[in-house]
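Asker: Chains as they are written, first to last, in our numbering: chain A, 577 to 1033; chain P, 577 to 1033. Note that the Cβ used here is the ideal one computed from N, Cα and C, for glycine as well. These figures come from a predicted structure and were not determined experimentally. Sending over a structure as structure tokens; questions will come in a sec.
Number of protein chains: 2
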Amino acid sequence: MSINAVLDKIDADLPAATDRLLDLLRIPSISTDPAFKADCDRAADWLVAELQSLGFAASKRPTPGHPMVVAHCAGDGPHVLFYGHYDVQPVDPLNLWDRDPFDPQVEDGPAGKVIRGRGSSDDKGQLMTFLEACRAWKAVHGTLPGRITVFLEGEEESGSPSLIPFMQENAAELRADVALICDTGLFESKNPAIVTMLRGLLGEEVTVHGPNKDLHSGMYGGAAINPIRVLSRIIAGLHDATGRITVPGFYDGVPELSDEMRAQWQGLAFDHARFLGDVGLSVPAGEADRTPLEMLWSRPTCEVNGIWGGYTGEGFKTVLPAEAHAKISFRLVGQQDPFAIREAFRTYVTSQLPADCSVEFKGHGNSPAGQMSVDNFAFEPARAALTEEWGIAAAYVGCGGSIPIAGYFKTYLDMDAMLIGFGKDNDQIHSPNEKYDMESFHKGIRSWARVLDRLMA
Amino acid sequence: MSINAVLDKIDADLPAATDRLLDLLRIPSISTDPAFKADCDRAADWLVAELQSLGFAASKRPTPGHPMVVAHCAGDGPHVLFYGHYDVQPVDPLNLWDRDPFDPQVEDGPAGKVIRGRGSSDDKGQLMTFLEACRAWKAVHGTLPGRITVFLEGEEESGSPSLIPFMQENAAELRADVALICDTGLFESKNPAIVTMLRGLLGEEVTVHGPNKDLHSGMYGGAAINPIRVLSRIIAGLHDATGRITVPGFYDGVPELSDEMRAQWQGLAFDHARFLGDVGLSVPAGEADRTPLEMLWSRPTCEVNGIWGGYTGEGFKTVLPAEAHAKISFRLVGQQDPFAIREAFRTYVTSQLPADCSVEFKGHGNSPAGQMSVDNFAFEPARAALTEEWGIAAAYVGCGGSIPIAGYFKTYLDMDAMLIGFGKDNDQIHSPNEKYDMESFHKGIRSWARVLDRLMA
């Protein structure tokens, strides 16, 4: 039987699939707020029942926080694991919502139907695309597509405190040939994409100390060192005139983009003027010899996320402060080692201090970059399936942000992960009036059916 | 009759003079707090009565704020005006005082007797040195020393809002041959000094704008301009490697120190190691080719008094902020023109902006430097009188801070001003446990008697 029967079933079943998603969206599973603990539990129960109705052996698995949902079905061919999360972000400010965030509805919008409500895009709508693909498959074939594990988390929006311990304790059960993660988006809201590069993150808080107390700038100005000036000079020196980061050894482990990947990225219809124009800018500010997509996806950064020192209130106070502070973060790529960079950064800053100054550092977490193995058997079939469904060549893309889950599968379960998602840039995830386009939902379901068809073939 | 009779009278009368000062210190004349308005008025009344008892024609003069006290006596020779202020700073934090700040007392300290209480040094104790010198003179000679105007303000600690209008409205009445201002200190707490150079002050608040909203550093880091980095680079560029300020034209009007003044300053026993060591420093941070005293007294500065931007709370937020801010001030010397420097600074900062950034400026007041005319007839006699009293060569010194009153006499009354005072560095003015050494009070009274003796001769 061809895939077309499954796709037809998906088309016919879309209204019912939408109703099922609306049911799940009505459960206010806000993981970060203890007041919604019972709702998180209820969402997990709802998913267990849903998975059981599809023929999965599904159960709710306790953790010190919110429960995991784990489901298995046997089958031939490769073993795939699907990951999603059933928890959602808080909804404040509530007054900016046009409707109750947990009374979801299908709305007719200027660009077609949208499913409006908290979690519609992040991540309930996305995770349901996979489950609905399985449902249609089962309806047509009588069985699920193959050997599948479904692994759903309830703490993604609150830092995933239970995730790594659960992975470690259940490694044998969870390990599969590839992890499918549905928590990303279409490139430029229309181009199907598989994220293969995620930047890592290193955070550092720097405090420069100078005089042992705040001084009067009239009594000491000129002769006493000013920590704000020292810190500004250090920050200014972190980049050279071409935009390169000056910390010695910083570029160790930064790979050059392969010719193939560069060609693929150049083929993408990335509207650079709109990307910057949307935020009031016109000129890319990074390394002089890189395209904006390269800057965002494949190049490391050093940014100052916060700075403070001295008098910052109304009016003026002629103080020479005793200390100045900055929060500095690095986005990492390739094989850059966060620990080595932390050390190199601290050594560099310390070496820049003038006499009479000292510095304190406080680490704020670190994660290496994620580089997906496109050699894994699943990638090329999935890319072909997505290209077929959307009528646009699916691309391997990067992501400037950090999605730690992909790295966790590699680190703790030795599995490759493949990030596929159907969100759009205007989904307003984490914000009021979150929505998921009906197109995303519908073609997302169809996409997974096609991907599973090719993977399990 | 020689000056010795007056000095003897001062010595004999010291206990009674101290009691009078304690009386004045008991009046909580905190000018900035409306709750103490009646007390300010009472302090003015007290001084009017005191001046009348000495034979002055004294009166309390209303202003929109606290009253002025103006007193005159006729006489031969030059006309001198004495300025002081009867208002005091607030006393919080009260729990750090060892006694009620308005229940003053003479205490025996390790370095001799001290008069403890709010205003003992700043400025009630200092202004009473002049009145007590007049009292002793009158007791010995039967008349006051000469033609004297006493001009006492009640708003010095709250920005002197009524001072300039009052000077303008009463210019003819107030104008004299020289103004004697008693609101400064001994150099290094032991060397009698006349302040002849005061630095001016220019304040600027700078806001650098970049993106039109705060951005996620994962989504935009690398490609979007970061205003904190832009501001840091501008601040770092305000000084060159030798510590000179780079704003074009900044040094216009900065005089070189005269050989005579340099020699006098080199002769001062300035303990540079202690000066910096007290605040935890060891190396002067300013221009490479200047001594610390030059830096503080005769060289202009550019300092950052405050900086802020992005996320400054606990933890970390990977934001690229839309804007960054700094409060920057300049200490000015010689003939530097605050308005010209404001323009040059703004032009310079604007010229340093990269594409897509804009800048806003907010002025925070400006005052030119004060350069006293040591050619005025009063300076050399006063210096000789101080040298005689203290047994140490009195010096013409600079002051790194700004004392606007000296400039106002020049600007609004076309009078030279001579700043003489007897405070010590550890008087804790504006802080808990303010004190005035009995030595300062006693020898201060004797100093004024000697100065008046020489000026009126």
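Just verifying my parser: in three-state terms, what is the DSSP assignment at A/Y924?
Answerer: helix
Asker: Do you know offhand how far A/A581's Cα is from A/M1014's?
Answerer: About 21 Å.
Asker: List the residues of chain A that P/D932 touches, going by C-beta distances under 7 Å, in chain order.
Answerer: L857, S858, V859
Asker: Using 8 Å as the limit for Cβ to Cβ distance, is P/V880 near chain A?
Answerer: Interface residue, yes.
Asker: Can you grab the Cα-Cα spacing for the pair P/D668 / P/P1008, in whole Å?
Answerer: 7 Å
Asker: Hey, quick one: how far does the alpha helix (DSSP H) through A/D617 stretch, first residue to last?
Answerer: 613-629
Asker: Answer yes if the segment 763-773 of chain A comes into contact with the segment 840-860 of chain A, meaning at least three C-beta pairs across the two stretches below 8 Å, and no otherwise.
Answerer: yes
Asker: Give the secondary structure of P/F906 by DSSP, where H, G and I count as helix, E and B as strand, and everything else as coil.
Answerer: strand
Asker: So, do the segment 897-916 of chain P and the segment 923-937 of chain A have three or more beta carbon pairs nearer to each other than 8 Å?
Answerer: Per the Cβ contact rule, the segment 897-916 of chain P is not in contact with the segment 923-937 of chain A (fewer than 3 Cβ pairs under 8 Å).
Asker: Apart from the five residues on each side of it in sequence, which residues of its chain come closer than 6 Å, Cβ to Cβ, to P/G829?
Answerer: G910, Q911, Q912
Asker: At 9 Å on the CB atoms, spell out the chain P contacts of A/G983, in chain order.
Answerer: In chain order: nothing, as chain P lies at least about 14 Å away.
Asker: Is the beta carbon of P/D589 closer than 8 Å to that of P/P654?
Answerer: In terms of Cβ geometry, P/P654 and P/D589 do not form a close pair [threshold 8 Å].
Asker: Which value, in whole angstroms, describes the spacing of the CA atoms of P/T647 and P/Q628?
Answerer: Inspection of the sequence shows that residue 647 of chain P is occupied by Ala rather than by Thr. If you take the alpha carbons of P/A647 and P/Q628, they lie about 8 Å apart.
Asker: Note down, in chain order, all residues in the segment 689-721 of chain P with a beta-carbon under 8 Å from any beta-carbon belonging to chain A.
Answerer: none
Asker: Can we say the segment 800-815 of chain A touches the segment 886-906 of chain A, given the rule of at least three CB pairs closer than 8 Å?
Answerer: yes
Asker: Exposed or buried, P/K789, counting other C-beta atoms within 10 Å across all chains shown (16 or more means buried)?
Answerer: It counts as exposed.
Asker: Count the other CB atoms within 10 Å of the CB of A/S738; is the residue buried (16 or more) or exposed (fewer)?
Answerer: buried
Asker: On the criterion of 16 or more Cβ atoms from any shown chain inside 10 Å, does P/A748 qualify as buried, or is it exposed?
Answerer: exposed
Asker: Taking A/T822 as the reference, which of A/A920, A/R907, A/L670 has the closest Cα?
Answerer: A/A920
Asker: Taking the straight line between their C-alpha atoms, what separation do you get for P/I606 and P/T818?
Answerer: 44 Å
Asker: By a C-beta neighbour count over all protein chains shown, 10 Å radius and 16 as the cutoff for buried, is P/T926 buried or exposed?
Answerer: exposed
Asker: What does P/I804 reach in chain A if we use C-beta pairs closer than 9 Å?
Answerer: I811, E879, V880, N881, G882, I883, A902
Asker: If you run the structure through DSSP and keep just helix, strand and coil, what is A/F953?
Answerer: coil
Asker: What residues of chain A sit near P/P868, judged by a beta carbon separation below 7 Å?
Answerer: A799
Asker: Let me know the secondary structure DSSP gives A/W884 once reduced to three states.
Answerer: strand
Asker: For P/Q947, is the classification buried or exposed, using 16 other Cβ atoms within 10 angstroms of its Cβ as the cut-off for buried?
Answerer: So P/Q947 ends up on the buried side.
Asker: Kindly list, in the order they appear in chain P, the residues whose Cβ is closer than 9 Å to that of A/H792.
Answerer: G976, G977
Asker: Assign P/S858 to one of two classes, buried (16 or more other C-beta atoms within 10 Å of its C-beta) or exposed (fewer than that).
Answerer: exposed
Asker: Would you mind stating whether P/R918 and P/E780 have Cβ atoms separated by less than 8 Å?
Answerer: Yes, they are a contact pair.
Asker: If the cut-off is 8 Å on Cβ atoms, which residues from the segment 766-787 of chain A count as contacting chain P, listed in chain order?
Answerer: Answer set for the segment 766-787 of chain A: R775, L777, G779, E781, G786, P787.
Asker: Is the shortest distance between the beta-carbon of P/M948 and the beta-carbons of chain A less than 8 Å?
Answerer: no
Asker: Exposed or buried, which one is P/G735 when buried takes at least 16 other CB atoms within 10 Å?
Answerer: exposed
Asker: Among all the DSSP beta bridges, which residues are the ones paired with A/S635?
Answerer: A/V646
Asker: Please classify P/I804: is it buried, with 16 or more other beta-carbons within 10 angstroms of its beta-carbon, or exposed?
Answerer: Buried is the call here.
Asker: In three-state DSSP terms, what is P/K700?
Answerer: helix
Asker: Across which residues does DSSP place P/K789 in a beta bridge pair?
Answerer: BP columns for P/K789 are empty, so no partner.
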